[in-house]
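Asks: Mind looking over this structure? Questions follow.
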């Protein structure tokens, strides 16, 4: 799986929804994620990509869409 | 360090239900419950102020501790909802308690102020003797400002709590505390003058979900303890979903996090002391109990405090 597919799998796992969001669509505005799913999303990303995301990077906008998540994760790899 | 000698609390009599607020906010009462764990909250009347509610909590706390106001050496008052820019409510509370002359300090730390106050009092008690830490919040006029914000207005309620910290005795010893502040996200939870609370809920929950368990773990590890050994967690009552999340992060049963948010909502810095006053009354501390306090609030300020019976 490429990074996009790995991220999508995490979003689907955390949201318990198999929808296929547009790459630039807000995962929050679309209703896939809510405020309380966001910490789970971050934890799953850390586990999947072997990263420790510092609190200073925990800006929800970084995790707003599939593209933004991918950009952030790949900037840390 | 010092000892906890008692708690007190005051809640206004007016109960405001989710149905009442839901009608104003054009939302279902059940939705408010789902997103917050809150069924109702208390609103103070026009005659009740941050200071007057704080006095009621202080008097109950002194009674529970078996002390008189004249036994106090200092007062610390936390409030993020004080009615004016200055002076804060501390000197007014001291005046009403007839203890003019002792230092009465204001701590304008929304949500986190009561824990920071207890930690400060524990450090200052060897010099100042008995220190009364009070947290009082009148959030209802603030969150009732137009336009009403559905994500904010249902969350908050009014109330006050108090805690008496004294020189160490055989009561409940304050073992240690960790306090942290980080201004990087100050704009994400703020109250400007003559405005309502502005909150980036995603940011607040994301940061709190990380920082609260981290502070508790740091404190427990430093003291050679585990979360499993803690009898009760007395935490800022911000949101039931957040408390449940913190419990999961620490791998403990959520039932060990005392909760009264269903009845009072989020009373900001007063909430932790109100929760502690209720728990102290029933079931209350027993010999050998390890008690962990924790908080998170605007700033961000967060921390945890460990007490041993």
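Protein chains in written order, with the working numbering: chain A, 1494 to 1570; chain B, 12 to 320. We treat Cβ as the ideally placed atom computed from N, Cα and C, and that holds for glycine.
Can you tell me where the beta strand (DSSP E) with residue 21 of chain B in it begins and where it stops?
Replies: As a working mapping, residue 21 of chain B is identified with position 10 in the second chain. Residues 13-21.
Asks: What are the boundary residues of the beta strand (DSSP E) that includes residue 186 of chain B?
Replies: Translated into positions along the second chain, residue 186 of chain B becomes position 175. Residues 183-192.
Asks: Classify residue 85 of chain B as helix, strand or coil using the three-state DSSP reduction.
Replies: Your numbering for residue 85 of chain B matches position 74 in the second chain. In the structure shown, residue 85 of chain B sits in a strand (DSSP, three-state: E or B).
Asks: Scan the segment 239-288 of chain B and note each continuous beta strand (DSSP E) run of 3 residues or more that stays entirely inside, going in chain order.
Replies: Correct list: 243-246.
Asks: Could you tell me which residues DSSP puts in a beta bridge with residue 171 of chain B?
Replies: On the second chain, position 160 is the one that residue 171 of chain B refers to. Answer by DSSP bridge pairing, in chain order: B/21, B/147.
Asks: Could you tell me the distance, in whole angstroms, from the CA atom of residue 1498 of chain A to the CA atom of residue 1560 of chain A?
Replies: As a first step, residue 1498 of chain A must be located in the first chain, where it is residue number 5. As a first step, residue 1560 of chain A must be located in the first chain, where it is residue number 67. Spanning the two alpha carbons is a distance of roughly 11 Å.
Asks: Closest Cβ-Cβ distance between residue 277 of chain B and chain A: below 8 Å?
Replies: Residue 277 of chain B sits at position 266 when you count from the first residue of the second chain. No, residue 277 of chain B lies away from the interface with chain A (no Cβ there is under 8 Å from its Cβ).
Asks: Going by DSSP in three states, residue 26 of chain B sits in which element: helix, strand or coil?
Replies: Along the second chain, one-based indexing puts residue 26 of chain B at 15. It is a strand residue.
Asks: What's the call for residue 149 of chain B, buried or exposed, on a 16-neighbour Cβ count within 10 Å?
Replies: For this step, residue 149 of chain B is matched to residue 138 along the second chain. Buried.
Asks: Does the beta-carbon of residue 211 of chain B have 16 or more other beta-carbons within 10 angstroms, so that it is buried, or is it exposed?
Replies: Position 200 of the second chain, counted from the first residue, corresponds to residue 211 of chain B. Per the 10 Å Cβ criterion, buried.
Asks: What does residue 201 of chain B reach in chain A if we use C-beta pairs closer than 8 Å?
Replies: Start at 1 with the first residue of the second chain, and residue 201 of chain B comes out as number 190. Going along chain A, no residue has its Cβ under 8 Å from residue 201 of chain B, so there is no contact; the nearest lies around 16 Å.
Asks: For residue 106 of chain B, count neighbouring C-beta atoms within 10 Å of its own C-beta (all shown protein chains included) and say buried if the count is 16 or more, exposed if not.
Replies: Residue 106 of chain B sits at position 95 when you count from the first residue of the second chain. When all chains shown are included, residue 106 of chain B counts as exposed.
Asks: Going by other Cβ atoms of all chains shown within 10 Å of its Cβ, with 16 needed for buried, is residue 1514 of chain A buried or exposed?
Replies: By one-based count along the first chain, residue 1514 of chain A stands at place 21. It is buried - the Cβ of residue 1514 of chain A has at least 16 other Cβ atoms within 10 Å.
Asks: Kindly indicate which residue of B/32, B/34, B/29, B/69 has the alpha-carbon position closest to the one of residue 19 of chain B.
Replies: Position 8 of the second chain, counting from 1, holds the residue named residue 19 of chain B. Per the Cα distances, B/69.
Asks: Output, in chain order, the set of chain B residues within a Cβ distance shorter than 8 Å of residue 1510 of chain A.
Replies: Residue mapping note: residue 1510 of chain A aligns to position 17 of the first chain, counting from 1. Here the premise fails: no neighbours, minimum Cβ distance about 17 Å.
Asks: Any chance the segment 12-29 of chain B sits against the segment 244-251 of chain B, with 3 or more Cβ pairs inside 8 Å?
Replies: Flag = no, the segment 12-29 of chain B and the segment 244-251 of chain B do not touch.
Asks: Tell me, please, which residues DSSP counts as bridged to residue 307 of chain B.
Replies: In the second chain, the residue the question calls residue 307 of chain B occupies position 296. BP columns for residue 307 of chain B point to B/313.
Asks: With DSSP as the reference, label residue 41 of chain B as helix, strand or coil.
Replies: Counting from one through the second chain, the residue named residue 41 of chain B turns up at place 30. Here residue 41 of chain B sits in helix by DSSP.
Asks: Would residue 310 of chain B count as contacting chain A if we go by Cβ distances under 8 Å?
Replies: Residue mapping note: residue 310 of chain B aligns to position 299 of the second chain, counting from 1. Cβ-Cβ to chain A under 8 Å: no for residue 310 of chain B.
Asks: Is it buried or exposed for residue 93 of chain B, if we count other Cβ within 10 angstroms and need 16 for buried?
Replies: Position 82 of the second chain holds residue 93 of chain B. Residue 93 of chain B comes out buried.
Asks: State the Cα-Cα distance for the pair residue 41 of chain B and residue 1505 of chain A, rounded to the nearest angstrom.
Replies: On the second chain, position 30 is the one that residue 41 of chain B refers to. On the first chain, position 12 is the one that residue 1505 of chain A refers to. Cα to Cα, the separation comes out at about 26 Å.
Asks: Leaving out five residues before and five after residue 1562 of chain A in sequence, what residues of the same chain have Cβ atoms less than 6 Å from its Cβ?
Replies: Within the first chain, the letter at position 69 stands for residue 1562 of chain A. If we look at residue 1562 of chain A and ignore the five residues flanking it on each side, its Cβ neighbours are 1500, 1556.
Asks: Excluding the 5 residues flanking residue 1520 of chain A on each side, which residues of the same chain have their C-beta closer than 7 Å to its C-beta?
Replies: Taking the first chain and counting its residues from 1, one reaches residue 1520 of chain A at position 27. Hits under 7 Å: 1504, 1514, 1526, 1557, 1558.
Asks: Could you tell me which chain A residues have their CB closer than 8 Å to the CB of residue 273 of chain B, listed as they occur along the chain?
Replies: In the second chain, the residue the question calls residue 273 of chain B occupies position 262. Here the premise fails: no neighbours, minimum Cβ distance about 17 Å.
Asks: Taking 8 Å as the threshold, find out whether the segment 59-74 of chain B comes into contact with the segment 167-186 of chain B through three or more Cβ pairs.
Replies: Contact between the segment 59-74 of chain B and the segment 167-186 of chain B is present, because at least three Cβ pairs lie under 8 Å.
Asks: Tell me, which residues are paired with residue 234 of chain B by DSSP?
Replies: Stepping through the second chain from its first residue, residue 234 of chain B is reached at position 223. DSSP lists no partner for residue 234 of chain B.
Asks: Between the Cα of residue 57 of chain B and those of B/23, B/241, B/88, spot the shortest distance and give me the residue it belongs to.
Replies: For the purposes of this step, residue 57 of chain B is taken as residue 46 along the second chain, with counting starting at 1. Closest by alpha carbon: B/23.
Asks: Can the beta-carbon of residue 121 of chain B be found less than 8 Å from the beta-carbon of residue 104 of chain B?
Replies: For the purposes of this step, residue 121 of chain B is taken as residue 110 along the second chain, with counting starting at 1. For the purposes of this step, residue 104 of chain B is taken as residue 93 along the second chain, with counting starting at 1. Going by C-beta atoms, residue 121 of chain B is not nearer than 8 Å to residue 104 of chain B.
Asks: Kindly list the residues whose CB is nearer than 7 Å to the CB of residue 284 of chain B, restricted to its own chain and excluding five residues on each side of it in sequence; keep chain order.
Replies: Counting from 1 along the second chain, the entry for residue 284 of chain B is found at position 273. So the qualifying residues of the chain are 18, 20, 125, 146, 172, 173, 174.
Asks: Only counting the same chain, and skipping five residues up and downstream in sequence, which positions put a Cβ closer than 8 Å to that of residue 309 of chain B?
Replies: Numbered from its first residue, the second chain carries residue 309 of chain B at position 298. Closer than 8 Å at the Cβ level, and outside the excluded window around residue 309 of chain B, lie 91, 120, 121, 122, 123, 197, 200, 201, 202.
Asks: In angstroms, rounded to a whole number, what distance separates the CA positions of residue 177 of chain B and residue 312 of chain B?
Replies: Counted from its first residue, the second chain places residue 177 of chain B at position 166. Counted from its first residue, the second chain places residue 312 of chain B at position 301. Those two C-alpha atoms are separated by around 24 Å.
Asks: Could you tell me whether any Cβ in chain A is nearer than 8 Å to the Cβ of residue 195 of chain B?
Replies: If you number the second chain from 1, residue 195 of chain B lands on position 184. By this cut-off, residue 195 of chain B is an interface position.
Asks: Nearest by alpha-carbon distance to residue 165 of chain B: which of B/49, B/241, B/84, B/300 is it?
Replies: Your numbering for residue 165 of chain B matches position 154 in the second chain. With distances taken between Cα atoms, residue 165 of chain B lies closest to B/49.
Asks: Cβ closer than 8 Å: which chain B residues qualify as neighbours of residue 1553 of chain A?
Replies: Here the question's residue 1553 of chain A lines up with position 60 in the first chain. The contacting residues are 211, 213, 214, 217.
Asks: Is there a C-beta anywhere in chain B that falls below 8 Å from the one on residue 1531 of chain A?
Replies: As a first step, residue 1531 of chain A is located in the first chain; it is residue number 38 there, counting from the start. Interface residue, yes.
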